[in-house]
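Sequence order for the protein chains is F and Z. Going left to right, the first sequence walks through residues 31 to 388 as the working numbering numbers them. Going left to right, the second sequence walks through residues 7 to 445 as the working numbering numbers them. Glycine included, every Cβ here is placed at the ideal spot set by N, Cα and C. Inspection log for the structure reproduced underneath, given as structure tokens.
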Amino acid sequence: MDPLRRSPSPCLSSRPSSPSTPPCEMLGPVGIEAVLDQLKIKAMKMGFEFNIMVVGQSGLGKSTMVNTLFKSKVWKSNPPGLGVPTPQTLQLHSLTHVIEEKGVKLKLTVTDTPGFGDQINNDNCWDPILGYINEQYEQYLQEEILITRQRHIPDTRVHCCVYFVPPTGHCLRPLDIEFLQRLCRTVNVVPVIARADSLTMEERETFRRRIQQNLRTHCIDVYPQMCFDEDINDKILNSKLRDRIPFAVVGADQEHLVNGRCVLGRKTKWGIIEVENMAHCEFPLLRDLLIRSHLQDLKDITHNIHYENYRVIRLNESHLLPRGPGWVNLAPASPGQLTTPRTFKVCRGAHDDSDDEF
Amino acid sequence: MEERKPAHVLRSFKYAGFMNEELRNLSLSGHVGFDSLPDQLVNKSTSQGFCFNILCVGETGIGKSTLMDTLFNTKFESDPATHNEPGVRLKARSYELQESNVRLKLTIVDTVGFGDQINKDDSYKPIVEYIDAQFEAYLQEELKIKRSLFNYHDTRIHACLYFIAPTGHSLKSLDLVTMKKLDSKVNIIPIIAKADTIAKNELHKFKSKIMSELVSNGVQIYQFPTDEETVAEINATMSVHLPFAVVGSTEEVKIGNKMAKARQYPWGVVQVENENHCDFVKLREMLIRVNMEDLREQTHTRHYELYRRCKLEEMGFKDTDPDSKPFSLQETYEAKRNEFLGELQKKEEEMRQMFVMRVKEKEAELKEAEKELHEKFDLLKRTHQEEKKKVEDKKKELEEEVNNFQKKKAAAQLLQSQAQQSGAQQTKKDKDKKNASFT
């Protein structure tokens, strides 16, 4: 699968000019670079879409984190599930907002997964989540293969899934490993250590290293994936990020006064934990990754790789359907089909499991 | 708050248009940072590079290559075409241009031989076929199972510059017919070539005549977009000057104390970049600096979609039946393709069988012939042997005869000599007797 380029590489071009397209010298300004402005104008007019999903057990601070990320009350103050009996099945809860900053409109969809991992028996608790993700891909595919298509197909595919790891301090639990293995094949996953204020700096480091080792052992490829780094700039940038993943984050949506400044933080008896202070937690890294630098890249990888993978599987599978005398219908995907995707990035260990289930 | 049903229940929802929805607008209490999104997008596009394809339609010698050279400030290598072309053919050439950090893959398609033939009925056909072929290639790529659209080299024509000859009267019928055939397939921008041969007042009349003819014949030329405020004004003012009267030149002439692109005549100098002299600057503005992206978008969302729709309907696909589930375009396409491939395979098999059969027959024939030859050879050999034997027999006989003859001859000679001798003796005796009698 061809990797994508990320940061601008003005002189290095990884697409060599083929012999039939000789480079030409221009003797004066032509105005080609005006196309960049044209692109910007078009993008601003159309607006952007971003869909994020937060997964983790209750009480890990997912809703607060989302509020902190987007600096607004995305969720109303009482997260659902508080004081309500735990739902029997996992319910996905999705909210869409339009936020605007400096003329840039962003349609943000946040999907929450209350009840994940909360039951006594958590077998297959990832199925509804995978089902939801695949359902979005399916919708997009159906729109794309219509004869009369819309000019702009609405994009509801999940671009990023933030997975909250409880701060046990030891290593990844079997539930985490199972879930991450399955999800990494279908969507971009960014694991974070939730409620990191219960760990000291050293504990955080050890925990992080152990998690990284777990991820390596189980062949879990989290975002940013190494195989999609194109040029040297990307590699350097992403290696730094990969070294710090999973980020140890703290979420807070209340402001406090610290040294005369108003900062977001958690007030405790022993001090105020500033969310945006790199010395306290790594929230700024997460925010920068998700929003300020890699948002477009997340969308591109979802579109060019995860969605294409899904499409290939779906189209290949439909050949196994019985053929009628006339047309072959793309039968609606059965729930079983949607929840156990088989992709090309194979890690033998986990794969056998999904085959059995199917 | 939207409640979502449990995930195993499929639910579809359609967006009417993103901004018109009843969505909660959130107010932000601080700087989040997604205002960098347009920049992120632009960075991505920059590293991938852009494609732009221009089709130049016009008679031979009307100045297409010179105009391209002038527009892009460079010398594209090409030889001028002759007027002897038997038909219209399209010649495409690709070039890589780079300006600061923007890489542009430019393809210029030329119509060689347009307008040269005596019978120009079919002149538009190769052009339409070429445009359709590019759409077809993109469609094929899009319908593949394993596809890579994000680094596909887009060869669809984004803009068609139609060069109108500067007669000063009106459009030729060839022009009208060709433009009518192309208007639903490509963005047409009409331009008046070699505009330095028309005087200013004639030019104005010529332009209005052309535009009214286009309108009355229902030719849809490219409309510069006026819905976005930043470009609406400039597009509106420029549209008034359509078709652009351009002059192309790659030679520089000293004007004042600068060198400028111009054409030098004994009666004056026509400056290419002087807006009073010609509309070249307007063309460059519209084509490249203001609307390049819009041209590309129109090609993709309007012309290509139209082609795709027609092609798929032609192949027999439908979108939905009122009561049943959507037909799958992909499957039917694949099924048809497999059918087609199957047929091809069958035909191939048949041909192979036939070939094998023919080979066998020929082999048999050759073997027959070989056998015959062998037989002939054997026969000849035998005959030869027989003849030889006969000859030898005859030879023997002859030899015997000769021997006999020799014997007989010898015997005869002996007798003869004996007889002669006795005769001679007898004669001598007689003679002696005679002599004796005399004495």
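Worksheet entry | Cβ neighbour criterion (16 or more within 10 Å) applied to F/Pro-221 | Burial check for F/Pro-221: the Cβ neighbour count within 10 Å reaches 16 or more, so the residue is buried.
Item to complete: Give the DSSP-derived three-state secondary structure of Z/Leu-188 in the structure shown.
Response: In this structure, Z/Leu-188 counts as helix in the three-state DSSP scheme.
Item to complete: Spell out whether any CB of chain F is found under 8 Å from the CB atom of Z/Thr-52.
Response: Yes, Z/Thr-52 counts as interfacial toward chain F.
Worksheet item: Got a sec, what are the start and stop residues for the alpha helix (DSSP H) F/Pro-158 sits in?
Response: From DSSP, the alpha helix (DSSP H) with F/Pro-158 extends over 157-174.
Discussion item. Taking beta-carbon pairs under 7 Å, can you tell me which members of the region 231-260 of chain F lie near chain Z?
Written reply: For the region 231-260 of chain F, which is checked against every Cβ of chain Z, not one residue is closer than 7 Å.
Fill in: Cα-Cα separation between Z/Thr-512 and Z/Met-217, rounded to whole angstroms
The first residue shown for chain Z is 7 and the last is 445, placing residue 512 of chain Z beyond what the model contains.
Worksheet item: Under the rule that 16 or more other beta-carbon atoms within 10 Å means buried, what is F/Glu-208, buried or exposed?
Response: So F/Glu-208 counts as buried.
Item to complete: Answer with yes or no whether the minimum CB distance from F/Ser-102 to chain Z is below 8 Å.
Response: So, interface residue.
Worksheet entry | Interface residues of the region 74-92 of chain Z facing chain F [CB-CB below 9 Å] | Going along the region 74-92 of chain Z in chain order, one finds Leu-77, Phe-78, Asn-79, Thr-80, Lys-81, Phe-82 and Glu-83 with a Cβ nearer than 9 Å to chain F.
Worksheet item: Looking only at C-alpha atoms, which of Z/Lys-187, Z/Thr-80, Z/Lys-50 and Z/Ser-106 sits nearest to Z/Asp-128?
Response: Per the Cα distances, Z/Lys-187.
Worksheet item: Roughly how many whole angstroms lie between the Cα atoms of F/Lys-103 and F/His-123?
Response: When rounded, the distance between both Cα atoms is 16 Å.
Discussion item. Under 8 Å, Cβ to Cβ, is there at least one residue of chain F near Z/Val-278?
Written reply: By this cut-off, Z/Val-278 is not an interface position.
Discussion item. Please give the ranges of any beta strand (DSSP E) in the region 340-375 of chain Z, keeping only runs that are unbroken, at least 3 residues long and fully inside the region.
Written reply: Runs found: none.
Worksheet item: For the beta strand (DSSP E) that Z/Ala-165 lies in, which residues bound it at each end?
Response: Segment 165-170, the beta strand (DSSP E) holding Z/Ala-165.
Worksheet entry | Proximal chain Z residues relative to F/Met-56, where beta-carbon distance stays under 9 Å | Going along chain Z in sequence order, the residues near F/Met-56 (Cβ under 9 Å) are Phe-78, Asn-79, Thr-80, Leu-103, Gln-104 and Glu-105.
Worksheet item: Since F/Pro-221 sits in a beta bridge, which residues does DSSP pair it with?
Response: DSSP output for F/Pro-221 lists F/Tyr-193 as bridge partner(s).
Item to complete: Would you please verify whether the beta carbon of F/Gln-326 is less than 8 Å from any beta carbon of chain Z?
Response: Judged by the 8 Å Cβ criterion, F/Gln-326 is in contact with chain Z.
Item to complete: Anything in chain Z within Cβ reach of F/Gly-61, meaning under 7 Å, just list it in chain order.
Response: For a Cβ distance threshold of 7 Å, residue set Arg-290, Ile-294 and Arg-295 of chain Z lies close to F/Gly-61, ordered along the chain.
Item to complete: Name, in chain order, the residues that DSSP records as bridge partners for Z/Gln-104.
Response: Paired residue(s): Z/Arg-109.
Worksheet item: How would you call Z/Asn-441, buried or exposed, if buried means at least 16 neighbouring beta carbons within 10 angstroms?
Response: It is exposed - the Cβ of Z/Asn-441 has fewer than 16 other Cβ atoms within 10 Å.
Worksheet item: By DSSP, does Z/Cys-62 sit in helix, in strand, or in coil?
Response: Note: Z/Cys-62 maps to strand in three-state DSSP.
Worksheet item: Taking the alpha-carbon positions, what's the Z/Lys-350 to Z/Asn-157 distance?
Response: Checking the sequence, you will find Leu at residue 350 of chain Z rather than Lys. Cα-Cα distance, rounded: 31 Å.
Worksheet item: Pick from F/Val-85, F/Val-252 and F/Glu-338: whose alpha carbon is nearest that of F/Tyr-167?
Response: Checked all of F/Val-85, F/Val-252 and F/Glu-338; the closest Cα to F/Tyr-167 is F/Glu-338.
Discussion item. In this structure, how does DSSP classify F/Lys-299 when only helix, strand and coil are distinguished?
Written reply: It is coil, neither helix nor strand.
Worksheet entry | CA-to-CA distance, Z/Lys-415 to Z/Ser-428, given in whole angstroms | CA-CA distance, Z/Ser-428 to Z/Lys-415, rounds to 20 Å.
Worksheet item: Count the other CB atoms within 10 Å of the CB of F/Thr-58; is the residue buried (16 or more) or exposed (fewer)?
Response: The question names Thr, yet the displayed sequence has Gly at residue 58 of chain F. Counting Cβ neighbours within 10 Å, F/Gly-58 comes out exposed, since fewer than 16 surround it.
Worksheet item: How big is the Cα-Cα spacing for F/Tyr-170 and Z/Val-48?
Response: If I take the Cα positions, the gap works out to 24 Å.
Worksheet item: Could you check where the beta strand (DSSP E) with F/Val-252 kicks off and where it finishes?
Response: Under the DSSP assignment, F/Val-252 falls outside any beta strand (DSSP E); it carries neither an H nor an E label.
Worksheet item: Would a check of beta-carbon distances place F/His-127 closer than 8 Å to chain Z?
Response: So, interface residue.
Worksheet item: Can you find a C-beta in chain F that's less than 8 Å from the C-beta of Z/Ile-163?
Response: No, no contact with chain F.
Worksheet item: F/Lys-72: which of Z/Glu-407, Z/Leu-301, Z/Ala-251 and Z/Gly-262 sits nearest, CA to CA?
Response: The option with the nearest alpha carbon to F/Lys-72 is Z/Leu-301.
Practice prompt. Have a look at Z/Val-276 and Z/Ala-201 and give me their C-alpha separation to the nearest angstrom.
Written response: The alpha-carbon atoms of Z/Val-276 and Z/Ala-201 are separated by roughly 10 Å.
Worksheet item: Between Z/Thr-433 and Z/Gln-419, what straight-line distance do the alpha-carbon atoms span, to the nearest angstrom?
Response: About 20 Å.
Worksheet item: Would you say Z/Asn-125 reaches chain F, if we count a Cβ-Cβ gap shorter than 8 Å as a contact?
Response: False, the Cβ-Cβ gap to chain F never drops below 8 Å.
Worksheet entry | Residues near Z/Arg-95 by beta carbon distance below 7 Å, same chain, minus five either side | These residues qualify, in order along the chain: Val-118, Gly-119 and Pro-132.
Worksheet item: Taking the C-alpha atoms as reference points, what is the distance between F/Ile-331 and F/Val-280?
Response: Cα to Cα, the separation comes out at about 27 Å.
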